[in-house]
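Residues in the sequence shown are numbered from 385 upward in steps of one, following this note's numbering. Down below is the structure, laid out as structure tokens.
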Amino acid sequence: MNGMNTTETQLMIKGELPFLTPDATSEQVWKHFYHLATLFAKSQELAPSLNCFIDVFLIRGNEMHSPDKDWLDFFRRQFAIYLMGKKCISCSLSEGDMIHDFLRMEYEQIKIELQNSEFAFQKENLSRWFASLELDFPWLVDSEELSWSFG
Numbered sequence: 385m386n387g388m389n390t391t392e393t394q395l396m397i398k399g400e401l402p403f404l405t406p407d408a409t410s411e412q413v414w415k416h417f418y419h420l421a422t423l424f425a426k427s428q429e430l431a432p433s434l435n436c437f438i439d440v441f442l443i444r445g446n447e448m449h450s451p452d453k454d455w456l457d458f459f460r461r462q463f464a465i466y467l468m469g470k471k472c473i474s475c476s477l478s479e480g481d482m483i484h485d486f487l488r489m490e491y492e493q494i495k496i497e498l499q500n501s502e503f504a505f506q507k508e509n510l511s512r513w514f515a516s517l518e519l520d521f522p523w524l525v526d527s528e529e530l531s532w533s534f535g
């Protein structure tokens with residue numbers, strides 16, 4: 385580790401390669417992204433932390449390359465809303481899996497309701513409509529009560 389400064393040394397994982405190999409398993413990939421998400425959160429880097437947490441749970445759900453782009457858009461938006469609504473940008477693996485499953489069930493229910501709706505929804509407008517949804521996450525509080533922390 386000659387020539388490395390203190391920051392670079394602290395970001396390395398002891399006993400593991402700092403970079404993924406091309407033949408890495410999906411488990412190795414999501415573990416790597418989870419570690420990055422927590423490091424970004426501790427460094428108060430909101431956008432990279434959110435993106436890494438979102439990718440972790442898409443990979444764990446085997447949906448990173450889902451052909452359903454509406455689902456991916458819905459999940460990315462709603463998972464980010466969930467994380468930002470907490471008082472701390474962090475997410476355990478079991479919590480993230482639970483929210484992933486919750487969002488999947490909500491998405492499937494919304495699709496059924498849209499198909500049965502008397503109003504015609506244009507597919508190209510779903511993204512904006514998804515952005516306007518407010519799901520009942522258990523942490524929702526008044527915006528005056530929010531105080532942020534990371535990691």
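Built from N, CA and C at the ideal position, the CB exists for glycine as well. Note that this is a predicted model, so its numbers are computed, not measured.
- Taking a C-beta distance under 8 Å as the contact criterion, Leu487 and Phe463 qualify as a contact pair.
- Exclusion of the five residues before and after Met448 leaves Leu442 as the residues of its chain whose Cβ lies within less than 6 Å of its Cβ.
- The segment 492 to 521 is shown to contain no whole beta strand (DSSP E) run of 3 or more residues.
- One alpha carbon belongs to Val440, the other to Asn446, and they sit about 10 Å apart.
- A distance below 7 Å between beta-carbons, with the five flanking residues on each side excluded, links Ala504 to no residue of its chain.
- The count of Cβ pairs closer than 8 Å, one atom from the segment 465 to 474 and one from the segment 424 to 436, reaches three, so the stretches are in contact.
- As the crow flies, the alpha-carbon of Tyr418 is around 33 Å from that of Ile496.
- For Asp439, the uninterrupted alpha helix (DSSP H) run begins and ends at Leu430 to Arg444, by DSSP.
- Boundaries for Ala408: no alpha helix (DSSP H) harbours it, and the DSSP string shows neither H nor E there.
- In summary, Leu477 is exposed, with fewer than 16 beta-carbon neighbours lying within 10 Å of its beta-carbon over all protein chains present.
- Each residue's CA atom was taken as its position, placing Arg444 and Ser501 some 32 Å apart.
- For Val413, the CB contacts under 7 Å within the same chain, skipping 5 residues up- and downstream, are Leu404 and Ile443 in chain order.
- With a beta-carbon spacing of about 5 Å, Asp454 and Leu510 fall inside the 8 Å limit used to define contacts.
- Glu490 is the residue among Gly480, Phe459, Gln499 and Glu490 whose C-alpha sits nearest the C-alpha of Asp520.
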